[in-house]
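Have a look at the structure below before the remarks.
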Amino acid sequence: MNLPETRLSRAIDPIISSVGQWASGLWVVLMAVIVGNVLSRYVFGKGYVEIEEIQWHIYSVGFLLGISYAYQVDSHIRVDVIHERLPTRIQAWVEFYGTLLFIMPFILIILMFSFPFVTASYELNEVSQSPGGLPYRWLVKATLPISFILLSLAVLSRLSRVCVTLFGNREAKRGAK
1 MNLPETRLSR AIDPIISSVG QWASGLWVVL MAVIVGNVLS RYVFGKGYVE IEEIQWHIYS
61 VGFLLGISYA YQVDSHIRVD VIHERLPTRI QAWVEFYGTL LFIMPFILII LMFSFPFVTA
121 SYELNEVSQS PGGLPYRWLV KATLPISFIL LSLAVLSRLS RVCVTLFGNR EAKRGAK
């Protein structure tokens, strides 16, 4: 579904795109770390817990920060078998109600629970329980609320586009009078 731009989407979309581009670079870093870990373990016979943990840290950050970008460019997984065959207006209504009834409440629930989760980790100065593991576990946990704040921005951007599709653009109507 091709949605028109709005003032809000023009303000939010570049931010989400920048974060998405940055997050996509993390996959290259992750691959390098994985290859380094494999070489270290199987060629040199030495394994490092820190490298294993940094792998899942990078994966978590890349995945979580990439969610908002995937939503923005509409490349997330959804059931398109029926949706893509519907008229644009009905697709917009499905998107509108799906956003209000499912995505936004889900984001709010995650945000409600993630802030105390990160705060507790920070206050305890949580570290890895593995010997030789990484400190500052709260840093990777902080990605959770940050990513869902970004996702909420992407959702607001898309919702503004859907609203213009469904209800029209008041600014354009005022200018036409």
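The numbering used here puts the first residue of the sequence shown at 1, with every later residue one more than the last.
Every residue gets a Cβ at the ideal spot worked out from N, C-alpha and C, and that includes glycine.
No experiment lies behind these values; they were computed from the predicted model shown.
Delimiting residues of the alpha helix (DSSP H) encompassing residue i
i    : result
D80  : 80–83
Y136 : That residue, Y136, is in no alpha helix (DSSP H); it is neither H nor E in DSSP.
V43  : Segment: none, V43 is in no alpha helix (DSSP H) and carries neither H nor E.
Q91  : 88–98
F117 : 104–123
Nearest candidate by alpha-carbon position, reference residue i, set the options
i    : options             : result
G98  : V162, L3, E5        : V162
V72  : R41, L8, V155       : As written in the sequence, residue 72 is Gln, which differs from the Val given in the question. Measuring from the Cα of Q72, the nearest candidate turns out to be V155.
D80  : M1, G168, F167, G25 : M1
L26  : G66, S152, V118     : G66
G132 : A32, E53, S24       : E53
L134 : N37, V33, I51, G47  : I51
R7   : P116, S157, F113    : S157
L101 : K141, L159, F115    : L159
F63  : V28, V43, N37       : V28
V33  : Q55, R41, A23, L150 : Q55
G112 : P145, I16, I103     : Checking the displayed sequence, the identity of residue 112 turns out to be Met instead of Gly. M112 has its Cα closest to that of P145, out of P145, I16, I103.
Pairwise C-alpha distance: residue j and residue i
i    : j    : result
F148 : S75  : 17 Å
R85  : W93  : 14 Å
K46  : S9   : 49 Å
P105 : D13  : 21 Å
L139 : G20  : 19 Å
A70  : F117 : 25 Å
V35  : S17  : 28 Å
I82  : K141 : 37 Å
M31  : F44  : 19 Å
T119 : S24  : 27 Å
L39  : W22  : 26 Å
I109 : F167 : 28 Å
G77  : N169 : The amino acid occupying residue 77 in the given sequence is Ile; Gly does not appear at that position. Whole-angstrom Cα-Cα distance: 29 Å.
Proximal residues to residue i (C-beta, below 6 Å), its chain only, five neighbours per side dropped
i    : result
S130 : V49
F115 : P145
A11  : none
I103 : V155
S68  : I16, L150, L151, A154
Check: residue i C-beta below 7 Å from any heavy atom of the ligand FMN
i   : result
T99 : Looking for the ligand FMN in the displayed structure turns up nothing, as the structure carries no ligands at all.
Own chain residues within Cβ distance below 7 Å of residue i, not counting five before or after
i    : result
R137 : S121, E126, V127, S128
P4   : R161, V164, T165
S152 : I107
K177 : Below a pLDDT of 50, predicted positions are generally treated as unreliable, and K177, at 40, falls in that range; the measurement from the model is reported next regardless. Nothing meets the Cβ criterion.
Sequence-distant residues of the same chain with beta carbon closer than 8 Å to residue i, five excluded per side
i    : result
T143 : S60, V61, L64, L65
N37  : G47, Y48, I51, E52, Q55
Counting Cβ pairs, one atom from each stretch, are 3 or more of them under 8 Å apart for the region 118–127 and the region 86–93? no
Contact between the region 96–115 and the region 49–65 (3+ Cβ pairs under 8 Å): no
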